[in-house]
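Visitor:
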Amino acid sequence: MKIRVATYNIHKGVSYRSQPRVHALRQAIEAFHADLIFLQEVQGQHDRIEARYGEEHHGHRHWPKKAQHEFFAGESHQSVYGLNAQYDHGHHGNALLSKYPIARWTNTDISDHAYESRGILHSVVESEGRLVHCYVIHLGLFERSRVRQVDLLVEAVRSSAPDGEPVIIAGDFNDWRNTLTAKLQSALNVREVFDEIEHGHPVGDLVRTLARRKAAQRPARTFPAALPFFRLDRIYVRGFEVESAEVLHGPLWAKLSDHAPIVANLKLVS
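Residue 250 in the UniProt record's numbering sits at position 250 of the sequence shown, with consecutive numbering throughout.
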C-alpha cells in the first residue's frame, strides 16, 4: 500500500503582512494530492479576522465561516483538530486531514510553560485493513522545552502505537540544530524521510561502513519559505519505505506561509 503524506505549518492562514490566504492555501493543499496531511497553526476560530474579512465581496468570502481544518478538508478528506492555544478572540492548534477513515483520535497537552501552548494530535487511520498511527506535532521555540516535549512524544507513541504497527510523526519541530532525531530514532525506531532518501543508496552505505562513519542526518530546509535555510519541519516514519520526498518552496509558497511544506511518498512494509 502506498501513502502520500504532507506536513505544513500554515501560519494561521494569513501572510506575514496579516493578509488572509485561506483560499489560496486550500488550493495549495489540494495540489499536494496527499492522502494524509499534517497541519500546524490551524485556526479553529478567529473572531477578529472573521469580523474584518468575513463579509462577502462580489460573492466571495475572504475568510470562511468554517473552521480551517474543515474548510481545507472539503469533500475529499476527513479532518480532526487538536486545540492547543485559546484566547479571547479564538484558538488554534494542529489538524490532520485524511482520505482514510479516522478510527479514533486524542489530543494531548505538552505545553512546557505558560507562554507557549503545544499539543500532540494522535489519530489512528484505517486503510486496506491496516491501522496507521499519525502524530501531528508542533514543538516549542526553546530547546529545553523541546527536549522535554520529545520525551512526552516518545512516551505517547510507546503507549499508543504497539510494536509492529506503522507510525508517521510529522510537523514543525523547531529543531534547527537537529538535536532530536537521534533520540527519536533510538527510542521509537523511526527514520526521517530525507535521511532515508539521501542515505539509502547501497554504495554510499558501503563506503560509510568501510570508513566506520555514520551517515549525516540532514533534514530538509523549510524556513523561511521564500529562501529556506533552517531545518524545522520533519516527517518521521516507522514501518514504511520512503520512495520520495521533496520541499515545495519559492515565491508562490512564500506568499502563503512562512514555512515551506514537505511532501513524501511512502510504501507500507507488509
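For glycine and all other residues, C-beta sits at the position ideal for the given N, C-alpha and C.
Which whole-angstrom value describes the C-beta separation of arginine 104 and valine 124, a residue pair presumed to lie in contact below a C-beta threshold of 8 Å?
Guide: Translated into the one-based positions of the sequence shown, residue 104 becomes position 104. Translated into the one-based positions of the sequence shown, residue 124 becomes position 124. At roughly 5 Å, the Cβ-Cβ gap stays under 8 Å, so arginine 104 and valine 124 are in contact.
Visitor: Closest by CA to phenylalanine 38, which one among Glu143, Asp163, Ser79, Val247?
Guide: One-based indexing of the sequence shown puts residue 38 at position 38. The option with the nearest alpha carbon to phenylalanine 38 is Ser79.
Visitor: Under DSSP, the beta strand (DSSP E) around tryptophan 253 begins and ends at which residues?
Guide: Working through the sequence shown from its first residue, we reach residue 253 at position 253. Careful: tryptophan 253 lies outside any beta strand (DSSP E), inside the alpha helix (DSSP H) at 251–254.
Visitor: Let me confirm a value: arginine 177 is counted as buried when at least 16 other C-beta atoms fall within 10 Å, else exposed. Which label applies?
Guide: To locate residue 177, count along the sequence shown from 1; it is residue 177. By the 10 Å Cβ count, arginine 177 comes out exposed.
Visitor: Specify, as a first and last residue, the run of the beta strand (DSSP E) that serine 79 falls within.
Guide: Counted from its first residue, the sequence shown places residue 79 at position 79. From DSSP, the beta strand (DSSP E) with serine 79 extends over 78–87.
Visitor: Relative to the alpha-carbon of valine 22, which residue among Phe72, Ala260, Lys2 has its alpha-carbon at the smallest distance?
Guide: Counting from one through the sequence shown, the residue named residue 22 turns up at place 22. Checked all of Phe72, Ala260, Lys2; the closest Cα to valine 22 is Phe72.
Visitor: Just to check my reading of the structure: alanine 156 and histidine 113 have Cβ atoms closer than 8 Å, yes? What is that Cβ distance to the nearest angstrom?
Guide: Along the sequence shown, read from residue 1 onward, the residue named residue 156 stands at position 156. Along the sequence shown, read from residue 1 onward, the residue named residue 113 stands at position 113. Not really, about 19 Å apart at Cβ, beyond 8 Å.
Visitor: Starting from isoleucine 235, follow the beta strand (DSSP E) in both directions and report where the run begins and ends.
Guide: Within the sequence shown, residue 235 is the residue found at index 235, counting from 1. Start and end: 233–238.
Visitor: Between the beta-carbon of histidine 11 and the beta-carbon of aspartate 258, is there less than 9 Å?
Guide: Start at 1 with the first residue of the sequence shown, and residue 11 comes out as number 11. Start at 1 with the first residue of the sequence shown, and residue 258 comes out as number 258. Yes.
Visitor: How about tyrosine 100 and glutamate 126: are their beta carbons less than 9 Å apart?
Guide: Start at 1 with the first residue of the sequence shown, and residue 100 comes out as number 100. Start at 1 with the first residue of the sequence shown, and residue 126 comes out as number 126. Yes, the pair counts as a contact, with Cβ atoms nearer than the cut-off.
Visitor: Leaving out the 5 sequence neighbours to the left and right, which residues in its chain are closer than 7 Å to leucine 256 when beta-carbon positions are compared?
Guide: As a working mapping, residue 256 is identified with position 256 in the sequence shown. Cβ neighbours of leucine 256 beyond the five flanking positions: Arg21, Ala24, Leu25, Ala28.
Visitor: Looking only at its chain, what residues have a beta carbon closer than 8 Å to the beta carbon of valine 150, apart from the 5 residues adjacent to it on each side?
Guide: In the sequence shown, counting from the first residue as 1, residue 150 sits at position 150. Correct list, in chain order: Leu139, Leu180, Lys183, Leu184.
Visitor: On the criterion of 16 or more Cβ atoms from any shown chain inside 10 Å, does phenylalanine 229 qualify as buried, or is it exposed?
Guide: What you label residue 229 is simply residue 229 of the sequence shown in a count that begins at 1. With fewer than 16 other Cβ atoms within 10 Å, it is exposed.
Visitor: Put glycine 140 into one of helix, strand or coil per three-state DSSP.
Guide: Mapped onto the sequence shown, residue 140 falls at position 140. Looking at glycine 140 - three-state DSSP - the assignment turns out to be coil, as it is neither helix nor strand.
Visitor: When you compare only the Cα positions, how much space is there between alanine 260 and asparagine 107?
Guide: The residue given as residue 260 occupies position 260 in the sequence shown. The residue given as residue 107 occupies position 107 in the sequence shown. One C-alpha to the other measures close to 25 Å.
Visitor: Spatial neighbours of asparagine 265 within its chain, please: CB distance less than 6 Å, with the 5 preceding and 5 following residues excluded, ordered by chain position.
Guide: Residue 265 sits at position 265 when you count from the first residue of the sequence shown. Excluding residues within five positions, the ones whose Cβ falls inside 6 Å are Arg4, Glu243, Ser244.
Visitor: In terms of residues, what are the limits of the alpha helix (DSSP H) holding threonine 181?
Guide: For the purposes of this step, residue 181 is taken as the residue at position 181 of the sequence shown. Threonine 181 -> alpha helix (DSSP H) spans 181–188.
Visitor: Throw me the rounded Cβ distance for the glycine 93 and glycine 44 pair, which I believe falls under 8 Å.
Guide: Against the sequence shown, residue 93 aligns to sequence position 93. Against the sequence shown, residue 44 aligns to sequence position 44. Confirmed, Cβ separation roughly 6 Å.
Visitor: Mind checking which residues open and close the alpha helix (DSSP H) that includes histidine 23?
Guide: By one-based count along the sequence shown, residue 23 stands at place 23. 22–31 is the extent of the alpha helix (DSSP H) around histidine 23.
Visitor: Cβ of proline 224 within 9 Å of Cβ of arginine 234?
Guide: Working through the sequence shown from its first residue, we reach residue 224 at position 224. Working through the sequence shown from its first residue, we reach residue 234 at position 234. Not a contact, by the Cβ cut-off of 9 Å.
Visitor: Taking the beta strand (DSSP E) that phenylalanine 71 belongs to, which residues open and close that run?
Guide: Along the sequence shown, read from residue 1 onward, the residue named residue 71 stands at position 71. Where phenylalanine 71 is concerned, there is no enclosing beta strand (DSSP E), although the alpha helix (DSSP H) it sits in stretches over 68–73.
Visitor: Can you list, in chain order, the residues of its chain with a C-beta nearer than 7 Å to that of isoleucine 246? Leave out the 5 residues immediately preceding and following it.
Guide: Looking up residue 246 in the sequence shown gives position 246. A small correction: the amino acid at residue 246 is glutamate; isoleucine does not occupy that position in the sequence shown. Cβ within range, chain order: Val263.
Visitor: Comparing alpha-carbon positions, which option in Arg146, Leu153, Phe240 lies nearest glutamate 192?
Guide: Walking along the sequence shown from the start, residue 192 turns up at place 192. That would be Phe240, whose Cα lies nearest to the Cα of glutamate 192.
Visitor: Rounding to the nearest angstrom, what Cα-Cα distance links valine 167 and glutamine 19 in this structure?
Guide: To locate residue 167, count along the sequence shown from 1; it is residue 167. To locate residue 19, count along the sequence shown from 1; it is residue 19. Cα to Cα, the separation comes out at about 36 Å.
Visitor: If you follow the beta strand (DSSP E) that aspartate 109 is part of, which residue opens it and which one closes it?
Guide: Counting from 1 along the sequence shown, the entry for residue 109 is found at position 109. Run containing aspartate 109: 102–109, per the beta strand (DSSP E) assignment.
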